[in-house]
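**Q** Using the UniProt record's numbering, the first residue of the sequence shown is number 1, and each one after it goes up by one.
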Amino acid sequence: MSGGTRVLVLNAGSSSVKYQLIDMLDGARLASGLVERIGESTGRLAHTPHSGDKRELLEVFPDHSAALKAVAEELAADGLGLDSPELAAIGHRVVHGGKRFTAPTVITDEVLKEIRRLIPVAPLHNPANITGIEVARALRPDLPQVAVFDTAFHASMPEYSARYAIDKAVADEHRVRRYGFHGTSHQYVSRATARLLGKDPAEVNVIVLHLGNGASASAVSGGHCVDTSMGLTPLEGLVMGTRSGDIDAGVVFHLHRVGGLSIDEIDDLLNRRSGLRGLCGENDMREIMRRADEGDADARLAFDSYVHRLRKYIGGYYAVLGRVDAIAFTAGVGENAAPVRAAATAGLEELGIAVDPELNSVRSGEARIISPAYSRVAVAVVPTDEELEIARQAFALVHRETGGSED
Ligand code: AMP
């Protein structure tokens, strides 16, 4: 097997592929990019090499295979071709690992079959992930390909967190349980938060708030997830850009029986026309805050509902953990929206939680603490880096399997 130090990270969506080539010696990005609108009449590849200018390719990519071949050509043009002996592995983001995959896994035919078997619980994501894997394997059949699962970090949740309180036999038959998502981000951010506090992850309890367009919270104790807000699918939990988050399941029956909506229509409503967008017609937090400041009542309601749900999870996870060392905000909203961070933590001094308004308003791409020194709970902004985490996990696994020492 290869003795290289580079990992190509692939995140294949239904009509897009995001990629990063990372050198594990120092974590440097050698190249990154995005192919969009695969299978449509106008495709786009944006490629950014580490040294050099961003390049844009506007052409039709009929399928993922064509898209990945174009990516391989762009990488080769920078002297970073997939045939390079420096390439140690390809790391694939796979959304759903079910109960079986609780750690990064080298992809074999059997593993791929199992990921395919999980399609019914991740119909939107796993098929695209599988396509990415198949195409990458065809391009470099000799190279270790590693699946890193979004659900894996949450596999440590105790059974009472993971179970829904429904008939156990029915749940087991249909594999209905809380799997959680964004696990790679929660894992990376909880560890980075411990580092920011100058502590070992094993010593600290952290509430991680991953607030992107999709959003989830997790309670992490000593480096292990004990609860998370997403469930069987990424629909449960926080108010998100377009997803409702927690909802009385009775709403589904009502909309079907009384409202006459089909199951597919309800699925579309709750996943794509709810959350912030459902409440105010907009899912970008920047625009919502601007409108709310101008007195728009719907935007204000959307902001307040978003923050209210967040506060419920902070309080809930505080009680679950018993002692909280840090609350970490991450992803698009968490890293950038100071008013969300301020509102989510306001008035919680009795719980030992305070935010310094000046520190909170600083704009920075660095991990930083925004609580005053007297705050018993550190409040932090910690930029997430799922690609680096995927690369690390893939590299560590390949290294281990080839007899190298662990990082
Ligand atoms: P992500 O899914 O992590 O890329 O996050 C995307 C979301 O982050 C967008 O939909 C915006 O709502 C939000 N976002 C990005 N930049 C800002 C900003 N400067 N202020 C507030 N929200 C932001």
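All C-beta atoms in this analysis are idealised placements derived from N, C-alpha and C, irrespective of residue type, glycine included.
Going by C-alpha to C-alpha distance, which of ASN271, ALA299, VAL324 and SER244 sits closest to residue 408?
**A** Nothing can be reported for residue 408, as the shown portion of the chain is limited to 1 through 407.
**Q** Looking at ARG44 and VAL35, is the spacing between their C-beta atoms short of 9 Å?
**A** Here residue 35 refers to the residue found at position 35 when the sequence shown is read from its first residue. Here residue 44 refers to the residue found at position 44 when the sequence shown is read from its first residue. Yes, these two residues count as a Cβ contact at 9 Å.
**Q** Where does GLU73 fall in DSSP's three states?
**A** Stepping through the sequence shown from its first residue, residue 73 is reached at position 73. The answer is helix: DSSP assigns GLU73 an H, G or I state.
**Q** What three-state label does DSSP hand ASP83 in the structure shown?
**A** Taking the first residue of the sequence shown as 1, we reach residue 83 at position 83. Note: ASP83 maps to coil in three-state DSSP.
**Q** Secondary structure at THR102, three-state DSSP: helix, strand or coil?
**A** In the sequence shown, counting from the first residue as 1, residue 102 sits at position 102. Reduced to three states, the DSSP call for THR102 is coil.
**Q** Considering only residues of the same chain and omitting the five flanking positions on each side of GLU401, which have a CB-CB separation below 7 Å?
**A** What you label residue 401 is simply residue 401 of the sequence shown in a count that begins at 1. For GLU401, where only same-chain residues beyond five positions count, the Cβ hits under 7 Å are VAL106.
**Q** Can you look up residue 422 in the DSSP assignment and give me helix, strand or coil?
**A** Absent from the structure is residue 422, since the part of the chain shown begins at 1 and ends at 407.
**Q** Can you tell me whether ASN283 is helix, strand or coil according to DSSP?
**A** As a working mapping, residue 283 is identified with position 283 in the sequence shown. Reduced to three states, the DSSP call for ASN283 is coil.
**Q** Is any heavy atom of ligand 1 found at a distance shorter than 8 Å from the C-beta of ALA72?
**A** Walking along the sequence shown from the start, residue 72 turns up at place 72. No, the beta carbon of ALA72 sits no closer than 8 Å to any heavy atom of ligand 1.
**Q** Taking all protein chains shown into account, decide if GLU406 is buried (16 or more other Cβ within 10 angstroms of its Cβ) or exposed.
**A** Here the question's residue 406 lines up with position 406 in the sequence shown. Note that GLU406 has pLDDT 36, beneath the 50 cutoff, so the model's placement of it is unreliable and the number below is only indicative. It is exposed - the Cβ of GLU406 has fewer than 16 other Cβ atoms within 10 Å.
**Q** If you compare alpha carbons, which of GLU173, GLY334, GLY316 and VAL226 is closest to SER156?
**A** Taking the first residue of the sequence shown as 1, we reach residue 156 at position 156. Checked all of GLU173, GLY334, GLY316 and VAL226; the closest Cα to SER156 is VAL226.
**Q** If you run the structure through DSSP and keep just helix, strand and coil, what is PHE149?
**A** Here residue 149 refers to the residue found at position 149 when the sequence shown is read from its first residue. PHE149: strand per DSSP, three-state reduction.
**Q** What would DSSP say about ILE288, mapped onto helix, strand or coil?
**A** Taking the sequence shown and counting its residues from 1, one reaches residue 288 at position 288. Looking at ILE288 - three-state DSSP - the assignment turns out to be helix.
**Q** Using the Cβ count rule (16 or more neighbours within 10 Å means buried), how would you classify VAL60?
**A** Counting from one through the sequence shown, the residue named residue 60 turns up at place 60. Burial call: exposed.
**Q** Collect the residues with a C-beta less than 5 Å away from any heavy atom of ligand 1 and give them in sequence order along the chain.
**A** The answer, residue by residue, is GLY212, ASN213, ASP284, MET285, ARG286, ALA331, GLY332, VAL333, ASN336 and ALA337.
**Q** Which ranges does the alpha helix (DSSP H) cover as unbroken runs of at least 4 residues, wholly within the region 198 to 274, from first to last along the chain?
**A** Taking only runs of at least 4 residues, the alpha helix (DSSP H) segments lying wholly in the region 198 to 274 are 250 to 257 and 263 to 272.
**Q** Between which two residues does the beta strand (DSSP E) holding ASP53 run?
**A** As a working mapping, residue 53 is identified with position 53 in the sequence shown. Element bounds for ASP53: n/a, residue is neither H nor E.
**Q** From the DSSP output, in three-state form, read off SER190 for me.
**A** Your numbering for residue 190 matches position 190 in the sequence shown. Residue state, collapsed to three classes: helix.
**Q** Grab me the residues of MET1's own chain with a C-beta within less than 6 Å of its C-beta, minus the 5 sequence neighbours each way, in chain order.
**A** As a working note, residue 1 is residue 1 in the sequence shown. Caution applies to MET1, whose pLDDT of 46 falls short of 50 and renders its modelled position unreliable; the value that the coordinates give is listed next. THR402.
**Q** So, does the region 318 to 338 touch the region 376 to 392, judging by three or more C-beta pairs under 8 Å?
**A** The region 318 to 338, when compared against the region 376 to 392, does touch it at the 8 Å Cβ threshold.
**Q** Could you name the residues that DSSP lists as bridge partners for THR330?
**A** Here the question's residue 330 lines up with position 330 in the sequence shown. DSSP lists HIS210 as partners of THR330.
**Q** Inspect the beta-carbon positions of VAL9 and ALA394 and report whether they are closer than 9 Å.
**A** For this step, residue 9 is matched to residue 9 along the sequence shown. For this step, residue 394 is matched to residue 394 along the sequence shown. In contact: VAL9 and ALA394 (Cβ atoms closer than 9 Å).
**Q** State the beta-bridge partners of HIS47 as determined by DSSP.
**A** Indexing the sequence shown from 1 puts residue 47 at position 47. DSSP, once it has assigned bridges, lists GLY33 and ARG55 as partnering HIS47.
**Q** What residue does the beta strand (DSSP E) around LEU21 start on, and which one ends it?
**A** By one-based count along the sequence shown, residue 21 stands at place 21. Note, LEU21: beta strand (DSSP E), 17 to 23.
**Q** In this structure, how does DSSP classify ALA66 when only helix, strand and coil are distinguished?
**A** Against the sequence shown, residue 66 aligns to sequence position 66. Reduced to three states, the DSSP call for ALA66 is helix.
**Q** To which residues does DSSP link residue 415 through a beta bridge?
**A** Because the chain in this structure spans residues 1 to 407, residue 415 falls outside the shown range and cannot be described.
**Q** In the DSSP assignment, find the unbroken alpha helix (DSSP H) run with ALA378 in it and report its ends.
**A** For the purposes of this step, residue 378 is taken as residue 378 along the sequence shown, with counting starting at 1. Note, ALA378: premise wrong, no alpha helix (DSSP H); beta strand (DSSP E) at 378 to 381.
**Q** Please state the DSSP three-state secondary structure of ARG116.
**A** On the sequence shown, position 116 is the one that residue 116 refers to. Residue state, collapsed to three classes: helix.
**Q** Pull up the distance between the alpha-carbon of ILE370 and that of VAL355, whole angstroms please.
**A** In the sequence shown, the residue the question calls residue 370 occupies position 370. In the sequence shown, the residue the question calls residue 355 occupies position 355. Straight-line Cα distance between these residues: approximately 6 Å.
**Q** So GLY222 packs on ALA192, CB below 8 Å; how close in whole Å?
**A** Translated into positions along the sequence shown, residue 222 becomes position 222. Translated into positions along the sequence shown, residue 192 becomes position 192. Not really, about 16 Å apart at Cβ, beyond 8 Å.
**Q** With DSSP collapsed to three states, give me the class of ALA367.
**A** Here residue 367 corresponds to residue number 367 of the sequence shown, with the count starting at 1. Here ALA367 sits in coil by DSSP.
**Q** Classify HIS92: buried if its beta carbon has 16 or more other beta carbons within 10 angstroms, exposed otherwise.
**A** In the sequence shown, residue 92 corresponds to position 92, counting from 1. So HIS92 counts as buried.
**Q** If you draw a straight line from the alpha carbon of GLU389 to that of SER14, how long is it in whole angstroms?
**A** For the purposes of this step, residue 389 is taken as residue 389 along the sequence shown, with counting starting at 1. For the purposes of this step, residue 14 is taken as residue 14 along the sequence shown, with counting starting at 1. Cα-Cα distance, rounded: 22 Å.
**Q** Among ARG195, GLY322 and ARG363, which residue has its Cα nearest to the Cα of PRO339?
**A** For the purposes of this step, residue 339 is taken as the residue at position 339 of the sequence shown. Answer by Cα proximity: ARG363.
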